[in-house]
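Numbering (UniProt numbering), first residue to last: 1 to 508.
Heads up, the beta-carbon is just placed ideally off N, CA and C, and yes, glycines get one too.
Since we're looking at a predicted model, the values are computed, not measured.
Working notes for the structure below.
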Amino acid sequence: MQLSSFAPASRRRPWQRFSAHTYYYPEISYDGVAQLCPPRQDVATILQLVGPNRGPTITLKQIAGADCGPPFRPSSSFDTNFTTTNAGAPVWNDDQALTVGSRGPILLEDYHLIEKVAHFARERIPERVVHARGASAKGFFECTHDVTHLTCADFLRAPGVQTPVIVRFSTVIHERGSPETIRDPRGFAVKFYTREGNWDLLGNNFPVFFIRDGIKFPDVIHAFKPNPKSHVQEYWRVFDFLSHHPESLHTFFFLFDDVGVPSDYRHMEGFGVNTYTFINKEGKVNYVKFHWKPTCGVKCLLEDEAIVVGGKNHSHATQDLYDSIAAGNYPEWKLFVQVMDPDTEDRYDFDPLDDTKTWPEDLLPLQPVGRLVLNRNIDNFFSENEQLAFGPGLVVPGIYYSDDKMLQCRVFAYGDTQRYRLGPNYLTLPVDYFPSRHAPLRHAERFPIPNRIVTGRREKRFVRRWAEGLAHPKVSYEIRSIWISFLSKCDTSLGQKVANRLNMRPNI
Numbered sequence: 001m002q003l004s005s006f007a008p009a010s011r012r013r014p015w016q017r018f019s020a021h022t023y024y025y026p027e028i029s030y031d032g033v034a035q036l037c038p039p040r041q042d043v044a045t046i047l048q049l050v051g052p053n054r055g056p057t058i059t060l061k062q063i064a065g066a067d068c069g070p071p072f073r074p075s076s077s078f079d080t081n082f083t084t085t086n087a088g089a090p091v092w093n094d095d096q097a098l099t100v101g102s103r104g105p106i107l108l109e110d111y112h113l114i115e116k117v118a119h120f121a122r123e124r125i126p127e128r129v130v131h132a133r134g135a136s137a138k139g140f141f142e143c144t145h146d147v148t149h150l151t152c153a154d155f156l157r158a159p160g161v162q163t164p165v166i167v168r169f170s171t172v173i174h175e176r177g178s179p180e181t182i183r184d185p186r187g188f189a190v191k192f193y194t195r196e197g198n199w200d201l202l203g204n205n206f207p208v209f210f211i212r213d214g215i216k217f218p219d220v221i222h223a224f225k226p227n228p229k230s231h232v233q234e235y236w237r238v239f240d241f242l243s244h245h246p247e248s249l250h251t252f253f254f255l256f257d258d259v260g261v262p263s264d265y266r267h268m269e270g271f272g273v274n275t276y277t278f279i280n281k282e283g284k285v286n287y288v289k290f291h292w293k294p295t296c297g298v299k300c301l302l303e304d305e306a307i308v309v310g311g312k313n314h315s316h317a318t319q320d321l322y323d324s325i326a327a328g329n330y331p332e333w334k335l336f337v338q339v340m341d342p343d344t345e346d347r348y349d350f351d352p353l354d355d356t357k358t359w360p361e362d363l364l365p366l367q368p369v370g371r372l373v374l375n376r377n378i379d380n381f382f383s384e385n386e387q388l389a390f391g392p393g394l395v396v397p398g399i400y401y402s403d404d405k406m407l408q409c410r411v412f413a414y415g416d417t418q419r420y421r422l423g424p425n426y427l428t429l430p431v432d433y434f435p436s437r438h439a440p441l442r443h444a445e446r447f448p449i450p451n452r453i454v455t456g457r458r459e460k461r462f463v464r465r466w467a468e469g470l471a472h473p474k475v476s477y478e479i480r481s482i483w484i485s486f487l488s489k490c491d492t493s494l495g496q497k498v499a500n501r502l503n504m505r506p507n508i
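Encoded structure:
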C-alpha cells in the first residue's frame, strides 16, 4: 500500500485528520482486489476508480464511501476470502508497503508489513541436535495381555484398553531434508497420551548404543556429525574416537549389518535400548526392556538398492508411511518386554543397566504386552512433527527409570534441548500435552474456578476478620459501606453478617 501524497494543511478536509492518505493501486486485477481489499469496499466501485491499467488516485473518503453489502464475519475455520493479519483483521493490500510518496521511505505504521516480515524471520525453529530428519503418524496402542502383576500403569490395566499415541520415526545424525537411505541408526519414539499423563518411550532400531555413560554423548555425536570445516561426514573420525571405547563394537555390528539401512519405517524394529523399571500395585520393582516387532516383517536396503531408491526419492520412507496410512494399509507393531528381578541380577554375567548389552532371550524371554497401530496421518507437519517433543523423563505411575547411567543423563538432556528448541512452555503445546485425570482442562476456553463454600466456625472466623479489619479507626464510614456492599453483592448474608458486627446497615 503506497501513501502517494500529503495534502497541505490549508486543503485538509475534516475527515482527513492529520493528512490526506491517498492510496494508489497500480495494475491490479479484479481477483486481486476481491481478495485483498478491505471488507467495506465494493469491488466494482474500486475497479471503476482504478481503471483497467494505472487509474487515478483513490482517497480514503472514496473508499470509505464504498458499499460492500453485509459486514465481514470472522471465520474460525480460516476459510475467509480475505488475506488477514495474525489477529484476523483483513489486509488491504499484500503487494505494496505503505510509503511516503510512490518511492518511499516505508512507514513504521505499516503493521502488516512489520508483522509479515517479523513472522517470516521467526517461522523456523532450531532443528533437533539429533534426530532432525523424521516423520510422524498417529494411532493407538492396545493392551492385549494382562501385565498387572508387573506394573500398575493405568493404560496397561486390562486387555482391550486403548490409548491414543503419536509416533515419530527418524534418522539420527543428519539434517532435516537429508536422504532417508543413509546408513545411520533410526529413531523410534512413541508418545502415549494416557489418563495419568504422557509417557514417552524413546528408542532406536538397534537394541544397543555406542556408549554407556552420558558424559560421552556429546563427543560421540560430534564424531558422527559432519566435519565442521568441510561439512562432510567422515567415518575416520568416528573410528578414531570410538577406538577408545570398545563397548561401541556391539552397536557397530548392527550398523554395518544389513539392518543399518531399513527399507522404510514400516518394516523396522524398535527397541527401548535403556533399562526401565516396572512397579506393580504392591510396590514390587522389576527391570524391563522394551521391544517393538513389526507385523509386516523386517526389510532392509542393500547398498545398490539404497542408491536407486534414494536417487528417485530422498524422502521415500516418509512418503511410504504417509501413503500407506492414507490407503488404509495401517502399519502395526507388537510390543514385548523382557523382565528381570533386580534381586537376581547377580546370576548373570552382564550388567543389566549397561545399554551396550542385550539381554539373552533364552534366559529372559520376550513377554507380549500389546499392539501399536498407526491409522491417521498428521494434519500439520510443523505443529505435529517439528513441535513434537519427546523426553525419557516423562513417565507415568507404574513405570520409572533405572540407574542406567545413559538413561539418567537423557532424562535431563532431552527436556533441556526442548526448552532451548521450543521454549520453556513446550509441554503446553497441543501435540505435547494431553488432558489427564489430574489436569483435564488446561486448554479449556475458560478454566473454571470451583466455588468455595465456607460454613460453621470457619465462616464465623471469616466474618470476624472482615469486621476487625473494617473497624480500624482510620477506615471511614463511607469506605466501610463500600466494602459491605461488595460483600453483599457476592453473598447477601455475608454482607449482612459483617454489617451487624459493625452496627451498620448493608447498602447494596
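*Which word fits Asp154, buried or exposed, when buried means at least 16 other C-beta atoms lie within 10 angstroms of its C-beta?*
buried
*What are the boundary residues of the alpha helix (DSSP H) that Cys490 is part of?*
Tyr477 to Cys490
_To the nearest angstrom, how far is the alpha carbon of Tyr322 from that of Asp304?_
25 Å
*Rank Arg480, Thr455 and Lys474 by C-alpha distance to the C-alpha of Trp466 and give the top, closest one.*
Arg480
*Does DSSP put Leu242 in a helix, in a strand, or in coil?*
helix
*Measuring CB to CB, does Val224 end up less than 8 Å from Val208?*
For the sequence presented, residue 224 should be read as Phe rather than Val. Cβ atoms of Phe224 and Val208: not closer than 8 Å.
*asked:* Suppose contacts are defined by Cβ-Cβ distances below 8 Å. Is Glu196 in contact with Thr356 by that definition?
replied: no
*Which two residues bound the contiguous beta strand (DSSP E) that contains Lys312?*
Segment Glu303 to Lys312 is the alpha helix (DSSP H) holding Lys312; no beta strand (DSSP E) there.
*When you compare only the Cα positions, how much space is there between Glu384 and Val431?*
6 Å
*Return the bridge partner residues of Asp200 from the DSSP annotation.*
Lys191
*Please find out if some non-hydrogen atom of the ligand SAH comes closer than 7 Å to the beta-carbon of Arg452.*
This structure lacks the ligand SAH, and indeed carries no ligand of any kind.
*Give the straight-line distance between the Cα atoms of residue 509 and Gly415, rounded to the nearest whole angstrom.*
The structure shown has nothing for residue 509, since the chain only spans 1 to 508.
*Going by alpha carbons, who is nearest to Ala306 out of Cys409, Arg122, Val147 and Thr181?*
Thr181
*Look at the alpha carbon of His245 and the alpha carbon of Phe210, and state the distance between them as a whole number of angstroms.*
8 Å
*What separation, rounded to the nearest whole angstrom, lies between the Cα atoms of His222 and Asp94?*
44 Å
*asked:* Contact defined as beta carbons within less than 8 Å: I believe Val167 pairs with Val190. What is the distance between those atoms, to the nearest angstrom?
replied: 5 Å
*What span of residues does the beta strand (DSSP E) with Pro185 cover, start to end?*
It is not in any beta strand (DSSP E) - Pro185 carries neither H nor E in the DSSP assignment.
*Please determine, among Glu175, Asn329, Gly214 and Leu201, the residue with the shortest C-alpha to C-alpha distance to Tyr400.*
Leu201
*Since Asn375 contacts Gly139 with CB under 8 Å, what's their CB separation in whole angstroms?*
5 Å
*Taking the runs of the beta strand (DSSP E) that are 3 residues or longer, which of them lie wholly in the stretch 91-144?*
134-143
*Residue closest to Val161, alpha-carbon to alpha-carbon, out of Thr144, Glu175, Thr151 and His291*: Thr144
*Can the beta-carbon of Pro342 be found less than 8 Å from the beta-carbon of Val395?*
no
*When the Cα atoms are used, what is the spatial distance from Asp404 to Ile215?*
13 Å
*Take Asp240 and list the residues in its own chain whose beta-carbon comes closer than 8 Å to its own, dropping the five residues that flank it on each side.*
Ala223
*So does the stretch 358-378 actually touch the stretch 116-133, counting three or more Cβ pairs closer than 8 Å?*
no
_According to DSSP, residues forming a beta bridge with Pro207_ = Per DSSP, none; premise fails for Pro207.
*Decide if His472 is buried, meaning its Cβ has at least 16 other Cβ atoms within 10 Å, or exposed.*
exposed
*Going by beta carbon distance, what residues of the same chain come within less than 7 Å of Ser170, once the five residues before and after it are set aside?*
His131, Arg133, Gly134, Arg186 and Gly187
*N-terminal and C-terminal residue of the beta strand (DSSP E) that Trp466 is part of*: No beta strand (DSSP E) holds Trp466; the alpha helix (DSSP H) holding it covers Gly456 to Leu470.
_By alpha-carbon positions, which one of Thr99, Leu364 and Arg103 ends up nearest to Leu113?_
Thr99
*Which residues bound the alpha helix (DSSP H) around Pro218?*
Phe217 to Phe224
_Beta carbon of Glu300 nearer than 8 Å to that of Val261_ = Just to set this straight, residue 300 is Cys in the shown sequence, not Glu. Yes, these two residues count as a Cβ contact at 8 Å.
_Helix, strand or coil at Pro342 according to DSSP, with G and I counted as helix_ = helix
*Would you mind giving the Cβ-Cβ distance between Leu353 and Trp292, rounded to the nearest angstrom? I have them listed as a contact below 8 Å.*
In fact, because the Cβ distance is near 21 Å, the residues do not count as touching under 8 Å.
_Using 8 Å as the threshold, is the C-beta distance between Ser402 and Thr277 below it?_
yes
*Report, in whole angstroms, the separation of the C-beta atoms of Ala499 and Ile484, which I expect to be a contact under 8 Å.*
5 Å
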